[in-house]
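J.: Handing you a structure now.
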Amino acid sequence: DAKTTQPPSMDCAEGRAANLPCNHSTISGNEYVYWYRQIHSQGPQYIIHGLKNNETNEMASLIITEDRKSSTLILPHATLRDTAVYYCIVRFDSGGSNYKLTFGKGTLLTVNP
Amino acid sequence: GAVVSQHPSWVICKSGTSVKIECRSLDFQATTMFWYRQFPKQSLMLMATSNEGSKATYEQGVEKDKFLINHASLTLSTLTVTSAHPEDSSFYICSALRQGAKFFGPGTRLTVL
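Heads up: the sequence lines are chains A and B, in that order.
Quick note: the first sequence, position 23, residue 23 per the working numbering, numbers continuous.
If you want the working numbering, it's the 1-based position in the second sequence plus 113.
Pasting the structure below:
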């Protein structure tokens, strides 16, 4: 699976949009981009994933560049409860027992009041 | 979203005893579940892949005789840490696969005295 690069930390004001970048310059054509987050002392929470089109759900939006070498997770209106470590993971979607997620260090997003 | 539960949420045990951790998918059937371990200030590390009705697949460096995994039904996988020692103290997290995404349990904090 392709490696990803994320900033170690970011700050965001409550109520503003949080834009978390991720570089995955070695991504291949059949690899998906997944985003998870982990609030302190809890299990990771699935946020969103995509292949090449931009995706949106009730939690966030995922913007993938045309060359797919980078992506941005957008939390449109950050709240204090969004403070967490955000992981960007790239993987080949083979499904089943070959489904492995390799977690890097992620980005610690701190939402400030 | 999908719900994965773990029990217990935390456990303290004496060195040399065995501890069983349960992972349940509450609103879906999971033929494949995964067990992760996370040490303080580190990222999640995959320990093993649990397949319903068959033997688990362990990652390199994980002792299968120490970390016993049983996946007897489509909604339950158990991880037993046998003869636990202080170095086994960690945050154990399970996950289950549903519709292309992994959903994680809340984690179990194991402390071995």
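Glycine included, every Cβ here is placed at the ideal spot set by N, Cα and C.
Since the structure is predicted, the reported quantities are computational estimates derived from the model, not experimental observations.
From what residue to what residue does the beta strand (DSSP E) around His184 (chain B) run?
T.: Counting along the chain, the beta strand (DSSP E) containing His184 (chain B) begins and ends at Phe180 to Ser186.
J.: Which chain B residues are close to Gly43 (chain A), counting only those with a beta carbon under 7 Å from its beta carbon?
T.: Simply Ile206, Phe217, Gly218, Pro219 and Gly220.
J.: Assign Pro219 (chain B) to one of three DSSP states: helix, strand, or coil.
T.: In the structure shown, Pro219 (chain B) sits in coil (DSSP, three-state: anything other than H, G, I, E or B).
J.: State yes or no: is the beta carbon of Leu101 (chain A) nearer than 8 Å to at least one beta carbon in chain B?
T.: Chain B, which has a Cβ nearer than 8 Å to the Cβ of Leu101 (chain A), makes this yes.
J.: In the DSSP output, which residue or residues are listed as bridge partners for Val175 (chain B)?
T.: Note: Val175 (chain B) sits in no beta bridge, so no partner.
J.: Residue range of the beta strand (DSSP E) that Glu31 (chain A) falls in?
T.: Where Glu31 (chain A) is concerned, the enclosing beta strand (DSSP E) stretches over Glu31 to Gln38.
J.: Measuring only the C-alpha atoms, how far is Gln119 (chain B) from Glu135 (chain B)?
T.: Those two C-alpha atoms are separated by around 5 Å.
J.: Cα separation between Gly129 (chain B) and Ile39 (chain A)?
T.: Going by the C-alpha atoms only, they are around 31 Å apart.
J.: Taking 8 Å as the cut-off, decide whether the C-beta atoms of Val124 (chain B) and Thr191 (chain B) are in contact.
T.: Not closer than 8 Å, so no.
J.: Name the residue from A:Leu108, A:Val33 and A:Pro44 whose alpha carbon lies nearest to the alpha carbon of Leu80 (chain A).
T.: When each option's Cα is compared against that of Leu80 (chain A), the closest is A:Leu108.
J.: Please state whether the Cβ-Cβ distance between Lys3 (chain A) and Thr26 (chain A) is less than 8 Å.
T.: Yes, Cβ-Cβ distance for Lys3 (chain A) and Thr26 (chain A) is below 8 Å.
J.: Would you say Leu192 (chain B) faces chain A, with C-beta separation under 8 Å as the test?
T.: It does not: the Cβ of Leu192 (chain B) has no partner Cβ on chain A nearer than 8 Å.
J.: Use the C-beta contact count for Gly106 (chain A): other C-beta atoms within 10 angstroms, 16 or more gives buried, fewer gives exposed.
T.: With 16 or more other Cβ atoms within 10 Å, it is buried.
J.: Out of B:Ser186, B:Ala185, B:Gln142 and B:Ala169, which has the shortest C-alpha to C-alpha gap to Asp178 (chain B)?
T.: When only C-alpha atoms are compared, the closest one is B:Ala169.
J.: Quick check on the burial criterion: 16 or more other C-beta atoms within 10 angstroms. Buried or exposed for Val85 (chain A)?
T.: Flag for Val85 (chain A) reads buried.
J.: Which residues in chain B have a C-beta closer than 8 Å to the C-beta of Lys105 (chain A)? List them in chain order.
T.: Residues of chain B passing the Cβ test: Ser156.
J.: Below 7 Å between beta carbons is the criterion; list the residues of the stretch 74-89 of chain A that meet it against any residue of chain B, in chain order.
T.: Listed by position along the chain: nothing, the set is empty.
J.: Roughly how many whole angstroms lie between the Cα atoms of Ser28 (chain A) and Cys88 (chain A)?
T.: Cα-Cα distance, rounded: 15 Å.
J.: In chain B, which residues lie with their C-beta within 9 Å of the C-beta of Ala49 (chain A)?
T.: Just to set this straight, residue 49 (chain A) is His in the shown sequence, not Ala. Neighbours of His49 (chain A) on chain B, chain order: Gly213 and Ala214.
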